[in-house]
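Enquirer: Taking this note's numbering, I'd label the letters of the sequence shown as residues 36 to 250.
Beta carbons: idealized from backbone N, C-alpha and C, even for Gly.
On a predicted model such as this, the values are computed, not experimentally measured, just so you know.
After the structure tokens below, expect a handful of questions from me.
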Amino acid sequence: MKPMPCSLSRRRGLRLAAGSAALIALPALQLGGVRAQGQRRPTPAQTEGPFYPVALPADSDADLLANGSLRYAKGQPAWVEGTLADASGRPLRGAVVEIWQCDQQGRYHHPGDGGRADPAFQGFGRASVDGEGRWRFRTIRPVAYGARTPHIHLKVRLGARDLLTTQLYVEGDPGNARDFLWTRLAPDERAALTVPFAAGSDGALRASFPIVVAG
Ligand SMILES: [Fe+2]
């Protein structure tokens, strides 16, 4: 489908300081769960969609609000972070989490979307999973476009293996119930892929997304 400008724009976002490696450094989060007992259900997979980058951007780090020398100050800034573990709860050290999403106007960096995305928005990023299984991105709260509810595409890679491709949704967004992919999910799958974007103490939203992969 043809993406359209988003109807959820003009939410007032607080500006964050320009990105730096220090801002992305993982704090001593107590995200919990990685070492819990018992087997865990793998995070549900969803379609990759049409807008995975044709070529990865020169700047493909975990700060999507800083693209090269440009800084993106539209939308609602958000920390999107989480854990990555196997079904036994072991952190997947050495894995990489990728995310990609549209800008605040609902546009992807992709020729299939007209190549109209804001050049200051990185649109794609990669985060290495640390020794505790944690990963973190700085980006914006996703917005709706066309018939899609706000979502962030996510992929997990371990070396040459593609372990998971899915999408992350915003808890409580009214567009979820009208989204053709979200409504196909079973209740437990919705719960696994839909997380709150809650106000954080630094002015940015915060979303925590635990990922479990089968192997
Ligand atoms: Fe999408």
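1) Ligand 1: which residues have Cβ under 6 Å from any of its heavy atoms, chain order?
2) Helix or strand or just coil, what does DSSP make of ALA249?
3) If we count the other Cβ atoms within 10 Å of its Cβ and call it buried at 16 or more, is ALA120 buried or exposed?
4) Which runs of the alpha helix (DSSP H), 4 residues or longer, sit entirely within the segment 94-120?
5) Exposed or buried, which one is GLY129 when buried takes at least 16 other CB atoms within 10 Å?
6) Rounded to whole angstroms, how far is the Cβ of LEU228 from the Cβ of ALA234, which I believe are closer than 8 Å?
7) Would you please state the rounded distance, in angstroms, between the beta carbons of VAL248 and PRO77? I believe it to be under 8 Å.
8) Taking the beta strand (DSSP E) that GLU133 falls in, what are its first and last residues?
9) Should the segment 145-152 be regarded as contacting the segment 189-209, the criterion being three or more beta carbon pairs within less than 8 Å?
10) State buried or exposed for GLN74, treating a residue as buried only when at least 16 other CB atoms are found within 10 Å of its CB.
11) GLY235 by DSSP, collapsed to three states: which one?
12) When the Cα atoms are used, what is the spatial distance from PHE172 to ALA97?
13) Does GLY103 pass the burial test, meaning 16 or more other C-beta atoms within 10 Å, or should it be called exposed?
Expert: Per the coordinate set shown:
1) GLY84, PHE86, ARG183, HIS186, HIS188
2) The residue you call residue 249 lines up with position 214 of the sequence shown. The answer is coil: DSSP assigns ALA249 none of H, G, I, E or B.
3) The sequence position of residue 120 within the sequence shown is 85, counting from 1. Looking at its Cβ environment, which holds 16 or more other Cβ atoms inside 10 Å, ALA120 is buried.
4) none
5) Mapped onto the sequence shown, residue 129 falls at position 94. Exposed: under 16 other Cβ atoms inside 10 Å.
6) For the purposes of this step, residue 228 is taken as residue 193 along the sequence shown, with counting starting at 1. For the purposes of this step, residue 234 is taken as residue 199 along the sequence shown, with counting starting at 1. Rounded, the Cβ-Cβ distance is 21 Å, inconsistent with contact.
7) Taking the sequence shown and counting its residues from 1, one reaches residue 248 at position 213. Taking the sequence shown and counting its residues from 1, one reaches residue 77 at position 42. Their Cβ separation, rounded to whole angstroms, is 6 Å, which keeps VAL248 and PRO77 in contact under 8 Å.
8) Along the sequence shown, read from residue 1 onward, the residue named residue 133 stands at position 98. Where GLU133 is concerned, the enclosing beta strand (DSSP E) stretches over 131-135.
9) no
10) Counted from its first residue, the sequence shown places residue 74 at position 39. Looking at its Cβ environment, which holds fewer than 16 other Cβ atoms inside 10 Å, GLN74 is exposed.
11) Translated into the one-based positions of the sequence shown, residue 235 becomes position 200. Reduced to three states, the DSSP call for GLY235 is coil.
12) For the purposes of this step, residue 172 is identified with residue 137 of the sequence shown, where counting begins at 1. For the purposes of this step, residue 97 is identified with residue 62 of the sequence shown, where counting begins at 1. C-alpha separation (whole angstroms): 5 Å.
13) Taking the first residue of the sequence shown as 1, we reach residue 103 at position 68. It is exposed - the Cβ of GLY103 has fewer than 16 other Cβ atoms within 10 Å.
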